[in-house]
Amino acid sequence: MKTDPGVRNATLFAGACEIDESIEELRPQQFHARYRLPVTRKMAAHRRPAEQERPVPVPDPAHAASGDGAVLMEFVERTLEANPGVANADLFARAREIDPSVAELSARQFHAKYPLQVKARLARAAAPKPKTPPEPEVPESEESTAPEAPSAVAGDPLAVRRLLLDLAKELANAESKADVIEVMARLDDHVAKIMEAAQG
11 MKTDPGVRNA TLFAGACEID ESIEELRPQQ FHARYRLPVT RKMAAHRRPA
61 EQERPVPVPD PAHAASGDGA VLMEFVERTL EANPGVANAD LFARAREIDP
111 SVAELSARQF HAKYPLQVKA RLARAAAPKP KTPPEPEVPE SEESTAPEAP
161 SAVAGDPLAV RRLLLDLAKE LANAESKADV IEVMARLDDH VAKIMEAAQG
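Under this note's numbering, the residue at position 86 of the sequence shown is numbered 96, and the numbers go up by one with no gaps.
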């Protein structure tokens, strides 16, 4: 980590397993908490006196008071805006450094509570607003002509039915409350897809 502070936890974990086979009994999160996190803090403490040499991190607020979800949410949002493809494991590791109480969550619970919420909000903000259909023109002549029957609403009923079944299957397959929260966090994505299918 002195030569490459940004090395991925998965890379360190694989190397440690080659050195000591007993490491394979740990999960990547346990390995991170037992080995990488203490080293990261120790290196940060050595760098602290030289304020002018502090590295500029990826959007990372000051360490939050324990349990300050607003600061963590802001950190996750700024990070995802700068790098939408960042891995959940990397976000989780950085969040534990900001707020140690996050370590009480599992990786899936952290993902449902922070990144999923931010992604859903960003998706809503980026979704195009539905266009208002133009009003039908009223013919100036031939007033006695019977109005045309309204055309059927464009869309694909089978596609809408399939999307609703997909949502029902995800809820049925949820094995825990965290799984249900994760499915419901993506509800806006399902709604957007259903609206697209209904509008053709």
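We treat Cβ as the ideally placed atom computed from N, Cα and C, and that holds for glycine.
When the Cα atoms are used, what is the spatial distance from residue i to residue j?
i	j	result
I191	D30	38 Å
A60	K52	Caution applies to A60, whose pLDDT of 48 falls short of 50 and renders its modelled position unreliable; the value that the coordinates give is listed next. Cα to Cα, A60 sits roughly 14 Å from K52.
A74	R131	With a pLDDT of 47 at A74, under the threshold of 50, the modelled position of that residue is not reliable, and the figure given next carries that caveat. So the two alpha carbons sit approximately 22 Å from each other.
N98	E145	47 Å
A103	D166	43 Å
L181	T13	46 Å
P94	A24	25 Å
L175	S186	20 Å
P15	V96	17 Å
L168	K179	16 Å
F41	A20	10 Å
For residue i and residue j, which I take to be in contact (beta-carbon distance under 8 Å), what is that distance rounded to the nearest angstrom?
i	j	result
Y45	M83	That belief does not hold up - the Cβ atoms of Y45 and M83 are roughly 28 Å apart, past 8 Å.
R196	L126	7 Å
A188	Q119	5 Å
Closer than 6 Å by C-beta to residue i: which residues in its own chain qualify, once you throw out the five before and the five after it? Chain order, please.
i	result
A113	R106
H200	L177
Kindly list the residues whose CB is nearer than 8 Å to the CB of residue i, restricted to its own chain and excluding five residues on each side of it in sequence; keep chain order.
i	result
C27	I33, E34
A133	D198, D199, A202
V86	L101, A105, Y124, P125, V128
Within its chain, find whatever has a CB closer than 7 Å to the CB of residue i; leave out the 5 residues flanking it on each side and keep chain order.
i	result
V49	M11
V170	I204, A207, A208
Q39	A117
A137	A202
L22	R46
If you count every other CB in all the chains shown that lies within 10 Å of the CB of residue i, and 16 or more means buried, which is it?
i	result
K129	buried
T89	buried
N183	exposed
H56	exposed
A135	exposed
V193	buried
V17	exposed
R37	exposed
R172	exposed
A162	Residue confidence for A162 is low, a pLDDT of 49 falling below 50, so the modelled location carries little weight and cannot support an answer.
A122	buried
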